[in-house]
Each structure stands twice: as C-alpha cells, then as structure tokens.
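Number of protein chains: 2
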Amino acid sequence: MVKVHQSSENLDSTEQRIYTAAVDVFLEKGYDGARMQEIADRAGINKALLHYYYRSKEQLFKRFFADTVSAMFENISMVFTAQLPFEEKLRRFSEAYISFLIQRPGLPLFLLTEIRLHPQLIENTMNDLKLKSRFTMMKLLIHEAIEKDEIETGSALHLMIHIVSMLIFPIVGKSMIMMLLDLTNEQYAAIIEERKSVVPEFVLKTVKKS
Amino acid sequence: MVKVHQSSENLDSTEQRIYTAAVDVFLEKGYDGARMQEIADRAGINKALLHYYYRSKEQLFKRFFADTVSAMFENISMVFTAQLPFEEKLRRFSEAYISFLIQRPGLPLFLLTEIRLHPQLIENTMNDLKLKSRFTMMKLLIHEAIEKDEIETGSALHLMIHIVSMLIFPIVGKSMIMMLLDLTNEQYAAIIEERKSVVPEFVLKTVKKS
DNA sequence: TTTATTTTTGACCAGTTGGTTAAAACAAAT
DNA sequence: ATTTGTTTTAACCAACTGGTCAAAAATAAA
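Chains A and B are the protein sequences, given in the same order. Residues in the first sequence are numbered consecutively from 19, following the numbering used here. Residues in the second sequence are numbered consecutively from 19, following the numbering used here.
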C-alpha cells in the first residue's frame, strides 16, 4: 500500500530527495519545461520510483505549489498580528518581505507565471488561499491605520498596491531592472537590500500625518 | 528560393497569418507550452507550411521575441525626447506606459518569464537591447531632473525603481493583486486606469521641490 | 530461515513533438 | 499548351514524454 505522505519525516528519505529535486526542477524550468526524468536523475533514482511515490507529474506539482504558496503568504502575515503603530508595521513588513524574497528570488515570478499558464492545475489551492487572504494580510494594515487616524485618508487600495509593487517587482523584474539601469549582480543585490528601508521611508514621507 | 521576410507585406498573406497565430500561441502558452500544430491550426494551414515559412519553432519564436521587445521599449522612449519639466514628463510617461500595458497586458510577464526560462534563446536580442537602453530610457529622466534642480537629490536609482515597479507590477501581478484585495475584473480595470495619474502624483508628493 | 512487505529497477509502451519529404496544386511566363 | 517556379498538402519519422509493469533487491516480520 502506498503510505500517507507527511511533511515531517526522515529528511534524507527517498521521498524527501525526490521532493527536493522536484522543487528545484519546477522552479528552474516551470511546469511545462520540467521533465520527470530530470527530477529522477537529480534525486538519484529511477523514474519508475518517482511514480511510485508521487503518482503523476500533476500531483507532484500540485503538492509543491500548495506548499510554496502557503509558505509565501503565511510567512508574512505574522507581522500583522503584532500591536504596533502603522509606521513600525510598515517597516517590519518591508524588512520581512524582502528578506523572504531574497531567500527565494525565483518564487514570485514562478507563481505568477504558473497561475497564468495553468490556472486549472492550481484551482483548488488558490481557492483555499482566497478564503484565507480575505481575512488577513494587507487589508488590515492600512484600513486600521486610517481608522486610527495615523495616516492621511487617501486611496488605501492604491497605497497597498504601491507598497506591494515596490517590494515585489524589483525581485520579479530583476532582469529588466538590471538591464534598464545597467547594473552588476553585486549592485543589484545591494539595492535590493537597501529597499528594506528605502521603500517604507519613501511611503511614509507621503502619507505620514503631522 | 525562400524569400526574404519583410514586416510590411500583404496583411492577409499566409506568412502574416502564421505570424499572428504564433504570437497568440506563444503569449498564451509560453515557449515550452506552445505547439507548432496549434499555431498551424489557428493559421488555418498545414504544419509543413509553417516550417516552409519559418524554419523552426526556435526561429519563429526569436523573430517574435525580438519584435515584441523592441516594441515594448521603443514605444516608450518617445516621451523622453520631449523638452518638458520633470513633473510633466513623469505624468506623460505614466500615462503612456500604462496605456501601452493595458493593450498588451500579457507582455511583461511573458518577457520576464522567457528571459528567465530561455536566456540562451534570446541572448542576441537582449544584447542588442542592452546597448540601446544604456543610452535612452529612464536614466535621462531622473538625472536630468536632479541636475536641473527640479527634484530633491535622493537616490535616483531607487526612485526609478519605485516608478517602474508601481507602473508595471499591477499588470504583471494581476492575479496576486486581485486575490489579495478581493477585486472583480471591473474593479481591477478601473484601478489600473486610475494609476495613470495616481502613481505620478504619489511620486511627486515625495520628491517635488518647493 | 522462511515468509511477507516494501522499495527499487530495467524494459517497455502509447501518445506527442518538432521536423522532413515527395508529390500535388497553383500561378506566371514562354 | 508547356515549362518554370512557388505554395500547399498528406504521409511519415525519429526522438522524446509521462507513465506502466513484472520482476528483482532490500528490508522487515514470522
């Protein structure tokens, strides 16, 4: 019988090695470009064994995608639970989000691409997430601040989009940014690091009351 | 003999129909997901004829990619040639860029994805572009303004990234934005339209002198 | 040791993929 | 009408793809 797959198991188990290899290949090549053979090779096993643990490419991908997407969102929402003034929340959020993205720079572009290319593949995952995100995340951050009269009452929606855009796009659009501004890899990395503070300060200059 | 392919020919020629079909399929499915058979079907022709006009999938893709990328960049740089104060340039740039992206919403995500997935495929195109962009585009916009003392001397680099991010990301990250903020398609479209003015005004609030 | 169970493998398969080929249909020129 | 060159097609192919299967190792249970 095929056993139930739990996330916390022997870290060097065949199953884990397969999963790790799959993550690498999917992130690198995307769903369409990923080859089961390559996943098997990188895990150091036979292709048949791959199907023994994960029935199909689709199932393997779905599992990875669900894990990834929830990591991306849950890792972040922590910041919002803290009871802090808007200013401090924004600073911590920027710091946390960019730190997270630096560790997984390929993630957001991967997610956006796969959502567009294979919406049916990830429908279930996205529906789960929709329910969660509706009650957490950014909405709180800004509406709360307006109610508490901490910031100017402009368009909260646009402000949220400004923030998310300035934090995520430089990661997603690395190639574009580097080309447009003619940067080396080191310069690029330094700039991203700077944005942890540059972005919140830029935003605060515009919206802070008093 | 295979004739030379020119861009301005009989608009309903077989060659053009193939090209149009190819553009649609590549944009929709990406390079890996695109199928020569589907391109042929949509062009209403035999697959062999497709190879008669464009030798290979690779060549067909390269042609499309080069066209696309130059359209994306050249369409924009016009704004910068005009002799106008920074404020006005920024407003026109935002308006022009978002208008362009509304008409081709799939383009930036497509470009970023293919650059990451198939850098070797598009090497030549990108090198050409690098040379061009080094002397045009955004660099001028902001450095000029600083020299003319129109805006505060902060980090010009970050300011450029802020602007590009706020303009492009909402298009690239449509699915993410819609989910995060729980928007309908109509609400989303309205917000993008608003950003033509919201983004430049937001930026100007922060950097304008006096 | 034997038996039962799980893990791993090599060989294989049907369907798909980008691409080719030889011949047919068509058009233009003589 | 015949020749010449171009455009289009049907049939085909080798390579690859995700996936299967029966049997062999390896491991655990008796």
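Where is the CB? At the ideal position from N, CA and C, for every residue including glycine.
In the same chain as Met197(A), and ignoring 5 residues on each side of it, no C-beta atom comes closer than 8 angstroms to its own. Rounded to the nearest angstrom, the Cβ distance from Ile195(A) to Ile189(B) is 16 angstroms, too far for a contact under 8 angstroms. Cβ-Cβ distances below 8 angstroms link Leu147(A) to Val87, Ser88, Phe91 in the same chain, with the five nearest sequence neighbours on each side left out; the list follows chain order. Counting along the chain, the unbroken alpha helix (DSSP H) around Gln34(A) starts and ends at 32 to 51. Counting only the Cα atoms, Val97(B) lies some 20 angstroms from Lys226(B). If you keep only unbroken alpha helix (DSSP H) runs of at least 4 residues inside the segment 141 to 211 of chain A, you get 141 to 151, 155 to 165, 174 to 190, 192 to 199. By the neighbour-count criterion, in which 16 or more other beta carbons inside 10 Å mark a residue as buried, Ile120(A) falls on the exposed side. Looking at the backbone, the Cα of Leu67(B) and that of Tyr37(B) are separated by about 12 angstroms.
For Pro103(A), the closest alpha carbon among the candidates Lys166(A), Gly124(A), Met184(A), Glu76(A) is that of Lys166(A). Distance from the Cα of Ile63(B) is smallest, within the candidate group Glu33(B), Ser112(B), Lys47(B), for Glu33(B). Here the alpha carbons of Asp30(B) and Val217(B) stand approximately 40 angstroms from one another.
With 16 or more neighbouring CB atoms inside 10 Å of its own CB, Glu132(B) falls in the buried class. Contact annotation: Ser112(A) and Lys214(A) have beta-carbon atoms nearer than 7 angstroms. Scanning Arg35(A), Ala40(A), Tyr49(A) for the CA closest to the CA of Leu129(A) turns up Tyr49(A).
Listed in chain order, the non-local C-beta contacts of Phe82(B) below 7 angstroms within the same chain comprise Ala40, Val41, Phe44, local neighbours out to five positions each way being set aside. Inter-residue distance for Thr143(A) and Lys107(B) is about 43 angstroms (C-alpha atoms, whole angstroms). For Leu130(A), the nearest beta carbon of chain B is closer than 7 angstroms to its own beta carbon.
In the DSSP annotation of this structure, the continuous segment of the alpha helix (DSSP H) that includes His69(B) starts and ends at 65 to 71.
Under a 10 Å Cβ-count criterion, His176(A) is classified as buried, with 16 or more other Cβ atoms of the shown protein chains found around its own Cβ. Ranked by Cα distance from Ala163(A), the options Ala208(A), Gln101(A), Ile57(A), Gln55(A) are led by Gln101(A).
Listed along the chain, the chain A residues whose CB falls inside 7 angstroms of the CB of Ser183(B) are Ser183, Met184, Phe187, Pro188.
Per the C-alpha coordinates, the member of Gln55(B), Ala84(B), Ile181(B) positioned closest to Glu141(B) is Ala84(B). The alpha helix (DSSP H) runs lying completely inside the segment 101 to 137 of chain B and spanning 4 residues or more are 104 to 121, 125 to 135, given in chain order. Within the segment 214 to 228 of chain B, contact with chain A at the beta-carbon level (separation under 8 angstroms) is assigned to Val216, Val217, Phe220, Lys223, Thr224. Chain order gives the chain A residues near Asp50(B) as Gly48, Asp50, Gly51, where near means a beta carbon separation below 7 angstroms. Setting aside the 5 residues that flank it on each side, Lys192(B) is surrounded in the same chain by Pro123, Tyr206, each with a C-beta closer than 8 angstroms to its C-beta; the list follows chain order. Rounded to the nearest angstrom, the Cβ distance from Tyr72(A) to Leu185(A) is 34 angstroms, too far for a contact under 8 angstroms. Counting only the Cα atoms, Ser95(A) lies some 43 angstroms from Glu56(B). Closest option to Ala61(B), judged by alpha-carbon separation, among Glu219(B), Lys80(B), Arg35(B), Pro137(B): Arg35(B). Comparing alpha-carbon positions, the option among Ala174(A), Ser117(A), Arg134(A) lying closest to Ala208(A) turns out to be Ser117(A). Between Ser183(A) and Phe220(B), the gap from beta carbon to beta carbon reaches 7 angstroms or more. Residue-level contact by beta carbon fails for His161(B) and chain A, as no gap is shorter than 7 angstroms. Using a 10 angstroms sphere on the CB of Pro137(B), the tally of other CB atoms stays under 16, which defines it as exposed.
In this structure, Lys80(A) sits away from Met54(A), with a CB-CB distance that is not shorter than 7 angstroms.
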